[in-house]
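Participant: One structure follows; several queries about it will come next.
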Amino acid sequence: MSGKVLARVVASKDRPRGPDVQLHVTVPASFIVEGATLEVDVPRNLACAACGGGGCDACDRAGAVSIRGRKDPPESVEVTLPKANADSAAPRAVLLRIPERGGPPPAESGLPRGNLLLTIRSGDELSTGVSRLPGPSVPPPPVTPELVGVERDARAGQRMPWLLIAVAVFAALMAWWLSR
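Just so you know, we're using my numbering here: the sequence shown kicks off at 4 and counts up by one.
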């Protein structure tokens, strides 16, 4: 096994901010189809979005980010899911980027908090800490800027192996090139 670094997670070209975090919740498929409004309780510690919990510079090698202090009050976010089109298959998952609800920036930096990357998947049961609201408390913002990705149906998942193959080929080429 080689001890060489093949890749490195780098910050996006967005403006500087605190670390991004990720949260995955499950809701009944009907919530996604109907475009339900949800209230999601956000745990204090969340996985770092840059490394997926593996440890990197963004999370100080911890793999997790504390988004608030121990004595700070709990946080929740309200999201209104995009309605599914009548002519397309119902989404199996929706990924939303919620600005300034992620990890805090370095102390006294003056930077905003990172993003919360909220993945909402269809499943049999509602995740703990998730509740359906009768409607939005304020008019929802336009969906397009906040919608990072929507996985539509099983055919969409079939495209993923090509991406994995491309990444594996790239990693093999980098390993070969670095070993020269």
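Virtual Cβ for every residue (Gly too), placed ideally from N, Cα, C. Given the structure is predicted, the values throughout are model-derived calculations rather than measurements.
Might you give, ordered along the chain, the residues of its own chain that have their beta carbon closer than 7 Å to the beta carbon of P19, omitting 5 neighbours on each side?
Facilitator: Once the five neighbours on either side are set aside, the close Cβ partners of P19 are L114.
Participant: Helix, strand or coil: which one does DSSP assign to I168?
Facilitator: In the structure shown, I168 sits in a helix (DSSP, three-state: H, G or I).
Participant: From C62, T29, A96, pick the residue whose C-alpha is nearest to that of K86; which is it?
Facilitator: Ranking the options by Cα distance to K86, first place goes to A96.
Participant: Looking at P139 and E81, is the spacing between their C-beta atoms short of 8 Å?
Facilitator: Cβ distance < 8 Å, so E81 and P139 count as in contact.
Participant: Relative to the C-alpha of D75, which candidate in E111, R124, P46, R64 has its C-alpha closest?
Facilitator: Residue P46 is the option with its Cα nearest to D75.
Participant: Evaluate the contact criterion for the segment 57 to 73 versus the segment 121 to 139: three or more CB pairs, one atom per stretch, below 8 Å.
Facilitator: Contact fails: fewer than three Cβ-Cβ distances are below 8 Å.
Participant: What's the C-alpha gap between P137 and I101?
Facilitator: Cα to Cα, the separation comes out at about 21 Å.
Participant: Alpha carbon to alpha carbon, how far is E111 from P22?
Facilitator: For E111 and P22, the distance between alpha carbons rounds to 15 Å.
Participant: So, using beta-carbon positions, are G56 and A67 closer together than 8 Å?
Facilitator: Yes. Within cutoff.
Participant: Quick one, are the C-beta atoms of T29 and R104 less than 8 Å apart?
Facilitator: Contact flag unset, no.
Participant: To the nearest angstrom, how far is the alpha carbon of L2 from that of A175?
Facilitator: The structure shown has nothing for residue 2, since the chain only spans 4 to 183.
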